[in-house]
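K.L.:
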Amino acid sequence: MGHWEDAYLRAFRAEVRAFCDHAVPASVRRKVETHALLEKQDIVDWQNRLQERGWLLGHWPKRYGGADWSLLQRYVFLDETANAGAPRIAPFGVNYCGPVLYTFGTKEQCDRYLPGIADSTTWWCQGYSEPGAGSDLAALSTRAVRDGDSYRVTGQKVWTTFAHWADMMFCLVRTSTHDKPQEGISFLLIDMKSPGVTVRPIVTMDLCHETNEVFLDDVVVPAENLIGIEGKGWTYAKFLLDNERISVSYFVGRVKLMLDRLNRLAETTYEAGRPCAVDPEFKRNFADMSVSVRVLESLCARQLAFTGQDEGARSVGASILKLRCTELSQKIAQAQIDLIARQGLPYRPELLTFDGESEPDAALWEAGVVRSHLIGRASTIYGGSSEIQKNVVAKALGL
Ligand SMILES: Cc1cc2nc3c(=O)[nH]c(=O)nc-3n(C[C@H](O)[C@H](O)[C@H](O)COP(=O)(O)OP(=O)(O)OC[C@H]3O[C@@H](n4cnc5c(N)ncnc54)[C@H](O)[C@@H]3O)c2cc1C
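Sequential numbering of the sequence shown, starting at 369, is according to the working numbering.
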């Protein structure tokens, strides 16, 4: 609990904790804690429980089925659910596309797509990055050409997380090449079952499959799937990216858990007959990381509390938070690896297909630590790489 919490937030925290106690199935909690692989159904079931309780869309406005949560209330919710070992809510519909739809979409688009997000029957993926456009997103070249009542879309997206599970993709496409790069971009919703859409897996270095390449070959997309104004998609894309960076607050809870896990690992890992937890160098390193975690928590609360500040300040705050959170989680993951590597470091990813029905054994915990370290390397790349966040901060400081 943070010192910034008032009575209302403290009561809400207790309510979320009590709910999670019975609502997170033990099998799912074990999977999350050990970094084993979650099934799509694990996530959908959890989202449905939250929706029944009125919390899945808590940060949405009431008129769209939300609860008008403040950012701090949302943070408390994410903190407690992370602490309880709940799965992360799939962000693509609930956090990214939903808010774009109710902010910039038409009533028909809201009526058509928001219910599927609320009841988790429509799974979304994010088609932003391309082989030639990542940090420099405005360089994207997937073309959409208007043809009567439709667009014909051709191009390639890359790193598309969960595209293999997705029913729909929100996608940035180029509808004009005459203006400056940001001007000719449009925001389209594409049905993943459309002819011409091909999804190919990308297996990341943890040897697991979450990301994909998506090929779009003359895909016919109804013009009614355009969000807002043609050519103004950059505005909606940036609005969405701001939400993406705020979502990092979920990871603050995870970072705290990682630190606990590091402590437990140090108590059970022995060197020269003594637990590593008593080693002075480990203690120094651990103290340093513990302080950093506390600072991160305060930073996050401060950032979320200042909702009144201007857009520029909010954006810089979100960049600093993303930077600190992801770099700290990598540091803790590295310290975990340093501990278990004393006994050799086998990586058996096949163990991660675990049903969660029994208590995890030491080999599974180790596989999870290695996986978390390997896939955690990506956290300083996606959602804006560390270098890009540093550029944002430097620019704001006038450097
Ligand atoms: C696991 C994972 C999941 C992802 N999921 C999705 C998804 O679901 N949907 C989606 O659209 N995208 C997704 N991405 C893509 C992600 O957003 C991009 O990888 C990211 O924006 C970086 O782009 P890039 O890979 O093209 O690298 P590049 O932009 O080519 O960058 C390469 C390197 O150069 C540095 N660099 C680039 N420009 C600058 C600069 N101006 N100043 C200083 N340094 C610079 C970068 O920091 C990086 O170190 C995912 C990526 C990963 C790894």
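For each residue, glycine too, the CB sits at the ideal point set by N, CA and C.
Please report how far the alpha carbon of K763 lies from the alpha carbon of R682, in whole angstroms.
P.N.:
As a working mapping, residue 763 is identified with position 395 in the sequence shown. As a working mapping, residue 682 is identified with position 314 in the sequence shown. Roughly 14 Å separates the two Cα atoms.
K.L.:
Specify, as a first and last residue, the run of the alpha helix (DSSP H) that H390 falls within.
P.N.:
Position 22 of the sequence shown, counted from the first residue, corresponds to residue 390. From DSSP, the alpha helix (DSSP H) with H390 extends over 375–391.
K.L.:
Counting beta carbon pairs with one atom in the region 417–427 and one in the region 587–595, are three or more of them shorter than 8 Å?
P.N.:
no
K.L.:
How far does the alpha helix (DSSP H) with I457 in it reach, from first residue to last?
P.N.:
Along the sequence shown, read from residue 1 onward, the residue named residue 457 stands at position 89. Neither: I457 is in no alpha helix (DSSP H) and is coded neither H nor E.
K.L.:
With 16 as the cutoff for other CB atoms within 10 Å, does D447 come out buried or exposed?
P.N.:
Translated into the one-based positions of the sequence shown, residue 447 becomes position 79. By the 10 Å Cβ count, D447 comes out buried.
K.L.:
Given this structure, state the Cα-to-Cα distance separating D410 from D517, to the nearest angstrom.
P.N.:
Taking the first residue of the sequence shown as 1, we reach residue 410 at position 42. Taking the first residue of the sequence shown as 1, we reach residue 517 at position 149. Using only the alpha carbons, I get a separation of about 39 Å.
K.L.:
Taking three-plus beta-carbon pairs below 8 Å as touching, is the region 424–441 in contact with the region 546–560?
P.N.:
Because the criterion of three Cβ pairs below 8 Å is not met, the region 424–441 and the region 546–560 do not touch.
K.L.:
Only counting the same chain, and skipping five residues up and downstream in sequence, which positions put a Cβ closer than 7 Å to that of K459?
P.N.:
For this step, residue 459 is matched to residue 91 along the sequence shown. Note that residue 459 is Pro in the sequence shown, not Lys. For P459, where only same-chain residues beyond five positions count, the Cβ hits under 7 Å are S615.
K.L.:
Is it buried or exposed for L508, if we count other Cβ within 10 angstroms and need 16 for buried?
P.N.:
Along the sequence shown, one-based indexing puts residue 508 at 140. Label assigned to L508: buried.
K.L.:
In terms of residue numbering, what span does the alpha helix (DSSP H) encompassing C668 cover?
P.N.:
Indexing the sequence shown from 1 puts residue 668 at position 300. Unbroken alpha helix (DSSP H) run through C668: 648–673.
K.L.:
Using a 10 Å radius around the Cβ and a threshold of 16 neighbouring Cβ atoms, would you call S544 buried or exposed?
P.N.:
The residue given as residue 544 occupies position 176 in the sequence shown. By the 10 Å Cβ count, S544 comes out exposed.
K.L.:
Does DSSP put V567 in a helix, a strand or coil?
P.N.:
Residue numbering aside, residue 567 sits at position 199 when the sequence shown is read from its first letter. The answer is strand: DSSP assigns V567 an E or B state.
K.L.:
Might you give, ordered along the chain, the residues of its own chain that have their beta carbon closer than 7 Å to the beta carbon of L608, omitting 5 neighbours on each side?
P.N.:
Position 240 of the sequence shown holds residue 608. Take L608, set aside five residues on each side of it, and the residues of its chain with a beta-carbon closer than 7 Å to its own are Y464, V468, in chain order.
K.L.:
Using C-beta distances below 6 Å, list every residue in its chain close to S562, excluding the 5 sequence neighbours before and after it, in chain order.
P.N.:
Within the sequence shown, the letter at position 194 stands for residue 562. Here the set comprises V587.
K.L.:
Can you determine whether any heavy atom of ligand 1 sits closer than 7 Å to the C-beta of Y496, and answer yes or no?
P.N.:
On the sequence shown, residue 496 is found 128 positions in, with the first residue counted as 1. Because some heavy atom of ligand 1 lies under 7 Å away, the Cβ of Y496 counts as near it: yes.
K.L.:
Please look up how many angstroms separate the CB atoms of S488 and G724, rounded, as I've assumed it's under 8 Å.
P.N.:
Within the sequence shown, residue 488 is the residue found at index 120, counting from 1. Within the sequence shown, residue 724 is the residue found at index 356, counting from 1. Going by Cβ atoms, the distance from S488 to G724 rounds to 20 Å, so no, they are not a contact pair.
K.L.:
Where do the N-terminal and C-terminal ends of the alpha helix (DSSP H) with G466 fall, by residue?
P.N.:
Numbered from 1 along the sequence shown, position 98 holds the residue referred to as residue 466. Run containing G466: 466–472, per the alpha helix (DSSP H) assignment.
K.L.:
Would the region 735–745 count as touching the region 695–712 if we require 3 or more Cβ pairs under 8 Å?
P.N.:
Result yes; three or more Cβ-Cβ pairs closer than 8 Å.
K.L.:
Taking three-plus beta-carbon pairs below 8 Å as touching, is the region 517–537 in contact with the region 570–585?
P.N.:
When C-beta atoms of the region 517–537 are compared with those of the region 570–585, three or more pairs fall below 8 Å, so the two segments count as touching.
K.L.:
How many angstroms separate the CA atom of T694 from the CA atom of T748?
P.N.:
Locating residue 694 in the sequence shown gives position 326, counting from the first residue. Locating residue 748 in the sequence shown gives position 380, counting from the first residue. Taking the straight line from one Cα to the other gives about 6 Å.
K.L.:
By DSSP, does T322 sit in helix, in strand, or in coil?
P.N.:
Only positions 369 to 767 of the chain appear in the structure, and residue 322 is not among them; the question remains open.
K.L.:
Is it the case that the Cβ atoms of A634 and L707 are separated by a distance below 8 Å?
P.N.:
Translated into the one-based positions of the sequence shown, residue 634 becomes position 266. Translated into the one-based positions of the sequence shown, residue 707 becomes position 339. In contact: A634 and L707 (Cβ atoms closer than 8 Å).
K.L.:
Is it right to say F674 is buried, meaning 16 or more other beta carbons lie within 10 angstroms of its own, or is it exposed?
P.N.:
Counting from one through the sequence shown, the residue named residue 674 turns up at place 306. Per the 10 Å Cβ criterion, exposed.
K.L.:
Excluding the 5 residues preceding and the 5 following C493 in the sequence, name in chain order all residues of the same chain whose CB lies nearer than 6 Å to its CB.
P.N.:
For this step, residue 493 is matched to residue 125 along the sequence shown. Result list for C493: F460, T528, F530, A531, A534, M537, in chain order.
K.L.:
A746: beta carbon under 7 Å from a heavy atom of ligand 1?
P.N.:
Position 378 of the sequence shown holds residue 746. Judged by the Cβ position, A746 qualifies as a neighbour of ligand 1 at the 7 Å threshold, a heavy atom of the ligand being closer than this.
K.L.:
Write down the C-beta distance between L732 and T402 rounded to the nearest angstrom, noting that I regard them as a contact closer than 8 Å.
P.N.:
Translated into the one-based positions of the sequence shown, residue 732 becomes position 364. Translated into the one-based positions of the sequence shown, residue 402 becomes position 34. Confirmed, about 5 Å.
K.L.:
For H741, name the three-state secondary structure that DSSP assigns.
P.N.:
As a working mapping, residue 741 is identified with position 373 in the sequence shown. Looking at H741 - three-state DSSP - the assignment turns out to be helix.
K.L.:
In this structure, how does DSSP classify A501 when only helix, strand and coil are distinguished?
P.N.:
The count along the sequence shown starts at 1 and reaches residue 501 at position 133. Correct three-state label for A501: strand.
K.L.:
For H546 and G599, what's the separation of their Cα atoms in angstroms?
P.N.:
Taking the sequence shown and counting its residues from 1, the one referred to as residue 546 is at position 178. Taking the sequence shown and counting its residues from 1, the one referred to as residue 599 is at position 231. Our two residues, H546 and G599, have alpha carbons roughly 11 Å apart in a direct line.
K.L.:
Quick check on the DSSP output: what are the complete alpha helix (DSSP H) runs of length 4 or more inside the region 564–635, in order along the chain?
P.N.:
601–614
K.L.:
Terminal residues of the continuous beta strand (DSSP E) containing S554?
P.N.:
Indexing the sequence shown from 1 puts residue 554 at position 186. S554 -> beta strand (DSSP E) spans 553–559.
K.L.:
With the cut-off set at 8 Å, would you say I756 and S497 are in Cβ contact?
P.N.:
For the purposes of this step, residue 756 is taken as the residue at position 388 of the sequence shown. For the purposes of this step, residue 497 is taken as the residue at position 129 of the sequence shown. No.
K.L.:
Pick helix, strand or coil for S438, following the three-state DSSP scheme.
P.N.:
By one-based count along the sequence shown, residue 438 stands at place 70. If DSSP states are grouped into helix, strand and coil, S438 belongs with coil.
K.L.:
Let me know the secondary structure DSSP gives S753 once reduced to three states.
P.N.:
For the purposes of this step, residue 753 is taken as residue 385 along the sequence shown, with counting starting at 1. Collapsing the DSSP output to three states places S753 in coil.
K.L.:
Residues in its own chain within less than 7 Å of Y604 by CB, not counting five upstream and five downstream?
P.N.:
The residue you call residue 604 lines up with position 236 of the sequence shown. Excluding residues within five positions, the ones whose Cβ falls inside 7 Å are V468, F472, F555, I595, G596.
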